Amino acid sequence: MSARRGRELPEDPLTRELVQQARAAAVSRRSVLAGAAGAAGLGALLAACGTGGTGGGATTGTGITPGTDVSDTEKLVRWANWTFYLDYDDDTRSRPTLEAFTEKTGIEAQYVEDIEDNDTFYGKVQSQLAQGQDIGFDIVTLTDWMTARLIRQGYVQELDHGNIPNLDNLVEGLRNVDFDPGRKKSVTWQSGYALIAWNTELVPEGLDAVSDLWKPEYKGRVEVLSEMRDTIGLIMLEQGVDISGDWGDDEFYAALEVVEEQIASGQIRQVRGNSYTEDLISGDAIAVMAWSGDIVALNFEADDKFAYKIVDSGVTLWSDNLMVPIGATHKENAELLIDHYYEPEVAAEVAAWVNFITPVEGAREAMEAIDPELMDNELIFPDSDTLAKAHVFRSLSPEEEEKYNGDFLSVIGA
Amino acid sequence: MSIAAALSTEAKHGPVGGSAQAPPARKARLGAYLLLAPGMVYLFVFFVLPIFALLATSLYERVPGTELGVYEPALRWQNYLASLSSYYPELLRSFGYALTATVAALLIGYPMAYVIAVRARGKPLLQGLLLVLVIAPFFTSFILRTIAWRQILADESWVVGSMKFLGILPPDGRLTATAFAVVCGLTYNFLPFMVLPIYANLERMDTRLVEAGGDLYANGPTTFLRVTLPLSMPGIVAGTLLTFIPASGDYVNSSLLGNNATTMVGQAIDRRFLVTLDYPTAASLSAILMISILALVLVYVRRSGTEELL
Chain A
11 MSARRGRELP EDPLTRELVQ QARAAAVSRR SVLAGAAGAA GLGALLAACG
61 TGGTGGGATT GTGITPGTDV SDTEKLVRWA NWTFYLDYDD DTRSRPTLEA
111 FTEKTGIEAQ YVEDIEDNDT FYGKVQSQLA QGQDIGFDIV TLTDWMTARL
161 IRQGYVQELD HGNIPNLDNL VEGLRNVDFD PGRKKSVTWQ SGYALIAWNT
211 ELVPEGLDAV SDLWKPEYKG RVEVLSEMRD TIGLIMLEQG VDISGDWGDD
261 EFYAALEVVE EQIASGQIRQ VRGNSYTEDL ISGDAIAVMA WSGDIVALNF
311 EADDKFAYKI VDSGVTLWSD NLMVPIGATH KENAELLIDH YYEPEVAAEV
361 AAWVNFITPV EGAREAMEAI DPELMDNELI FPDSDTLAKA HVFRSLSPEE
411 EEKYNGDFLS VIGA
Chain B
4 MSIAAALSTE AKHGPVGGSA QAPPARKARL GAYLLLAPGM VYLFVFFVLP
54 IFALLATSLY ERVPGTELGV YEPALRWQNY LASLSSYYPE LLRSFGYALT
104 ATVAALLIGY PMAYVIAVRA RGKPLLQGLL LVLVIAPFFT SFILRTIAWR
154 QILADESWVV GSMKFLGILP PDGRLTATAF AVVCGLTYNF LPFMVLPIYA
204 NLERMDTRLV EAGGDLYANG PTTFLRVTLP LSMPGIVAGT LLTFIPASGD
254 YVNSSLLGNN ATTMVGQAID RRFLVTLDYP TAASLSAILM ISILALVLVY
304 VRRSGTEELL
């Protein structure tokens with residue numbers, strides 16, 4: 011993963027940032043020295059050396075100029091996604107739906123599994139986005155709450171729906187979301203649940219509830235997710251909190267305390283992003299919090315070694331969205347790619363592999379040609395019983411976000 | 004140092020074989036400075052300026068009521084206190100791990116260097132082969148090698164399985180996601196940095212001095228302790244510094260082989276910079292790390308310069 015990332019982004023964001031700071035410092039230092047501030051010299055020098063842009067500075071979202079679209083001349087689109095999030099053919103070592111897109115449009119698609127979790131990805135690209143630079147991707151795939159943040163900050167380009175006629179296939183319920191009315195800047199990629207999963211060879215008795223993860227016999231082999239909303243959400247649900255409803259500090263910290271205790275006692279081996287799948291494969295982790303489709307995808311390669319459960323106390327429901335970052339240089343190609351994946355047949359093909367809930371109307375009918383059994387799969391086409399167990403974590407104000415996320419990160423040792 | 008020495012020699016005597024006249028001397032001096040220029044410019048742009056930027060960032064303060072990661076220039080010295088009080092465990096842990104790894108690397112590396120430099124002396128083929136063995140790991144990325152260790156030491160691996168079978172590891176024991184694995188990883192990854200300076204030092208040692216020790220009726224261990232070891236001190240100092248300094252700032256081994264209880268300061272800095280966008284804390288932690296290492300190294304070099312350390 012790292013090696014691949016190295017190839018995609020020869021200069022990592024941190025180095026870039028440092029070089030930029032150095033350049034900015036060279037200028038401000040000269041001006042400071044010209045002013046000969048005397049006693050205040052060092053302090054002023056230090057203050058001048060940093061860049062206002064370190065944190066995106068005072069950039070007010072809309073002020074950022076979008077990247078120039080070179081789609082017409084350069085037939086390329088670059089897509090950052092999570093692992094196990096697009097169909098993959100082991101025999102040909104290729105991604106069939108992506109190849110079909112290249113065949114149809116002549117646009118080469120560079121697909122990189124570069125997203126470990128929302129926070130780390132945002133942290134990596136934020137300073138470039140704030141300056142309107144190209145982050146090396148024309149499409150990124152991020153969860154609702156992060157999508158909301160990017161849109162609020164003006165870090166994404168507006169989509170031209172004329173290039174995405176298939177957007178008409180978007181399911182009714184997702185056409186207007188509170189962070190993006192009319193889906194002008196983002197479209198749903200997949201939805202799914204955070205649930206619990208286990209290795210059936212090493213945990214033959216299986217798990218029934220979230221708190222089964224804390225059984226002494228699994229000590230040191232349990233992993234939870236570094237996505238705060240999923241880990242805390244699952245625990246809060248078990249504690250009887252309606253995570254979509256009106257909860258506050260008491261409920262949050264009661265759940266955080268559980269995580270803290272289980273880390274301190276050594277019950278939880280690691281808190282991980284998408285790489286928990288690696289630990290399931292290696293056998294280091296045997297009972298985990300997981301994302302629904304991942305487990306099915308893992309089972310393709312591991313002879314049904316893993317099992318999952320949508321626990322009765324409830325699971326978290328989230329959606330990931332595709333968007334075009336502000337500095338992206340192949341917006342039209344990105345739109346064509348989105349259009350391709352909103353083709354019901356293509357969506358069904360992806361869903362049959364990733365096993366997440368597809369947002370595309372007609373995919374269920376198209377699934378019949380691929381695998382009729384999957385038409386009743388609760389992970390892809392959930393029935394009302396399953397949906398009743400799925401809850402969306404309520405949106406947080408920026409202050410809550412900073413407080414809760416900060417405390418969560420310090421508990422997990424970040 | 005040697006360039007400065009060359010400069011001063013030239014200043015006094017003029018270029019070798021040249022006349023003592025002033026103009027050529029000045030030209031030669033200018034030439035030396037020109038040769039230095041790329042290095043100085045490079046250091047200025049990539050070391051001095053970033054350090055100032057880092058120190059400046061460490062004093063920033065949060066702009067109230069703004070998005071995550073927005074800071075403005077200020078002189079908030081409290082940042083240092085706050086970072087220290089929240090991250091002293093990570094700092095201490097880093098130095099503890101780095102020290103353990105350095106000692107382990109010295110214990111493993113010194114005999115290796117000794118064999119290559121002294122025992123294999125006069126057998127260039129063997130010496131070359133052994134040196135290649137030491138350097139060979141560098142042919143692969145160290146991240147890949149560390150990831151490989153994670154696979155090798157995984158709970159379901161044969162290594163852990165046979166260790167449990169032999170009773171070396173308790174039934175619920177494990178190797179990855181432990182402090183032990185992190186220190187082993189550090190030792191492994193930085194071992195060549197220990198071996199090579201000691202080798203370079205021992206390689207030039209005059210073995211007749213060891214013979215002289217024997218002639219004076221000192222036995223093997225005494226000769227080693229009183230002749231070989233003191234003579235190789237510069238190599239040991241260089242090796243321990245080259246191991247300890249990068250090891251204390253390392254975050255790869257701890258991320259890949261450790262868990263949330265083995266967080267080192269490098270990881271904390273990384274996450275503050277890239278995950279929580281808390282630049283001032285990250286920058287002040289970096290500064291604290293830098294200053295602590297500098298202080299430790301100064302003390303160490305001073306002490307090892309005297310007989311006390313022996």
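Here the protein sequences come in this chain order: A and B.
Our numbering numbers the first residue of the first sequence as 11 and each following residue consecutively.
Our numbering numbers the first residue of the second sequence as 4 and each following residue consecutively.
Ideal placement from N, C-alpha and C gives every residue a C-beta, glycine not left out.
Note that the structure is predicted; figures quoted are calculated from it, not measured.
Query                                                                                                          : Result
A/THR130 beta carbon less than 8 Å from that of B/LEU277                                                       : yes
Cross-chain neighbours of A/GLU412 in chain B, by beta carbon under 8 Å                                        : LEU71
Whole-angstrom distance between B/PHE193 and B/SER257, CA atom to CA atom                                      : 14 Å
Where the beta strand (DSSP E) containing A/GLU123 begins and where it ends                                    : 118-123
Beta-carbon gap between B/TYR282 and B/THR60 smaller than 8 Å                                                  : yes
Identified DSSP bridge partners for A/MET333                                                                   : A/VAL150
A/VAL370 in three-state terms, based on DSSP                                                                   : strand
Residues bridged to A/TRP301 (per DSSP)                                                                        : A/ALA204
C-alpha distance - A/ARG185 paired with A/ARG193, whole-angstrom precision                                     : 6 Å
B/GLN81 at chain A interface by Cβ criterion, 8 Å                                                              : no
Test: A/LYS114 CB closer than 8 Å to a CB of chain B                                                           : no
DSSP beta-bridge partners of A/TYR318                                                                          : A/ALA207
In DSSP terms, what A/HIS401 is bridged to                                                                     : A/THR326
Among B/PHE196, B/MET197, B/ALA203 and B/LEU234, the one whose alpha carbon lies nearest that of B/GLU213      : According to the sequence as given, residue 213 of chain B is Val; it is not Glu. Closest by alpha carbon: B/LEU234.
Residue range of the unbroken beta strand (DSSP E) whose run includes A/ILE422                                 : First-last for A/ILE422: undefined, no H or E at that position.
CB contact check: A/ARG239 to chain B, cutoff 8 Å                                                              : no
In DSSP terms, what A/PRO191 is bridged to                                                                     : A/ASN186
contact_flag[the region 237-244 of chain B, the region 93-102 of chain B] where n(CB pairs < 8 Å) is 3 or more : no
Chain B contact for A/GLY293 (CB, 8 Å cutoff)                                                                  : yes
beta-carbon A/ASP289 near the ligand HEM non-hydrogen atom, thresh 7 Å                                         : As presented, the structure is devoid of all ligands, the ligand HEM included, so that no description of it is given.
A/GLN280 - partner residues in DSSP beta bridges                                                               : A/GLU233
Beta-carbon neighbours of B/ARG177, restricted to chain A and to distances below 7 Å                           : GLY230
Classification of B/LEU128 by the beta-carbon crowding that lies within 10 angstroms, buried from 16 upward    : exposed
Identity of the residue in B/THR279, B/TYR45, B/THR105 and B/GLY252 nearest B/CYS187 by Cα                     : B/THR105
A/ASP218, DSSP secondary structure in three states                                                             : coil
Delimiting residues of the beta strand (DSSP E) encompassing A/ARG103                                          : Counting along the chain, A/ARG103 falls outside any beta strand (DSSP E), and DSSP gives it neither H nor E.
Close Cβ partners of B/LEU205 (< 7 Å) along its chain, the five nearest in sequence each way excluded          : ALA116, TYR117, ALA120, VAL121, SER235 and GLY238
Cross-chain neighbours of A/GLN163 in chain D, by beta carbon under 9 Å                                        : The structure shown contains no chain D; its protein chains are A and B.
Residue environment, A/THR64, which counts as buried when at least 16 other CB atoms sit within 10 Å           : Because A/THR64 carries a pLDDT of 37, less than 50, the predicted location of this residue cannot be relied on, and no value is offered for it.
Helix, strand or coil at B/ASN75 according to DSSP, with G and I counted as helix                              : For clarity, residue 75 of chain B is Glu in the given sequence; the question names Asn instead. It is a strand residue.
C-alpha gap between B/MET197 and B/VAL300, whole angstroms                                                     : 16 Å
Chain B within 8 Å of A/ASP259, Cβ atoms only                                                                  : no
Spatial distance of B/GLU75 from A/SER137 (CA atoms)                                                           : 15 Å
A/ASP240 and A/MET299 closer than 8 Å at C-beta                                                                : yes
Closer than 8 Å to chain A by CB, B/ALA264                                                                     : yes
With 16 other Cβ atoms within 10 Å as the buried cut-off, status of A/TRP208                                   : buried
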